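If you read the sequence shown in the working numbering, its first letter stands for residue -13, the second for the next number, and so on. From the three backbone atoms N, C-alpha and C, an ideal C-beta is built for every residue, glycine too. Small disclaimer: the values here were computed from a predicted structure and weren't measured. Take a look at the structure set out below.
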Amino acid sequence: MARSEAGRTLRPQHRRHSVAPLRGVADVDTEAVRERLLRRREELRTRASEASAEARHEDDPLSADFAEQVTQRENDDVLGAISDSARFELAQVEAALRRLASGRYGTCAACGEAIEAERLAAVPHAERCRGCAERAAPRAPARH
Ligand SMILES: [Zn+2]
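Listed below in structure tokens is the structure:
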């Protein structure tokens, strides 16, 4: 186990030098984030297009029966909501990929400060720091 004289000369921090560090953001692995965002983008694209294809009844034309049509339309509302929320998140993911490409990833779009690392870990497409996001979304539950 103790044959690590050679091992000591390996300096693992040198492996990081090929990746340009992000200004103002500590410890963001941009490659890992990019892959995570790209995977998420594929999932969202699939979900949005499947939901809207179903809502357009591509394989399943509207029934001639009125009651059946009502059921189909209710189902369409649900599919429409799924598709809308997927598209909304998709736009955010694409914006995050653009910020990543331009080196602005991890910087709050509102105040310009670094976004908290744990926030980015939870929401990789976050474009604002926690404080600005909470100010922008007053419906976030207040803690009593
Ligand atoms: Zn901010």
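Check your understanding: Which same chain residues, not among the five before or five after Arg116, have their C-beta less than 7 Å away from its C-beta?
Key -> The answer, listed in chain order, is Glu102, Arg105.
Review point. Which partner residues does Ala100 have in the DSSP bridge list?
Key: As a beta-bridge residue in DSSP terms, Ala100 pairs with Thr93.
Review point. Taking the continuous alpha helix (DSSP H) assigned at Arg26, which residues delimit it?
Key: Where Arg26 is concerned, the enclosing alpha helix (DSSP H) stretches over 16 to 41.
Practice item. Using 10 angstroms around the beta-carbon of Thr57, count the other beta-carbons present and answer buried if the total reaches 16, otherwise exposed. Key: By the neighbour-count rule (16 or more Cβ atoms within 10 Å), Thr57 is not buried but exposed.
Check your understanding: Can Arg27 and Glu113 be called in contact, C-beta distance under 8 Å?
Key -> Contact: no.
Check your understanding: In the structure shown, what three-state DSSP assignment does Arg114 receive?
Key -> Coil, per DSSP.
**Study point:** Residue burial classification, Pro7 (beta-carbon count within 10 angstroms, cutoff 16)
**Key:** With a pLDDT of only 49 at Pro7, under 50, the local geometry of the prediction cannot be trusted, and no value is derived from it.
Check your understanding: CB of Glu28 to nearest heavy atom of ligand 1: below 7 Å?
Key -> The answer is no for Glu28.
Check your understanding: Three or more C-beta pairs closer than 8 Å, one from the region 88 to 100 and one from the region 65 to 72: is that the case here?
Key -> The region 88 to 100 and the region 65 to 72 do not touch, with fewer than 3 CB-CB distances between them shorter than 8 Å.
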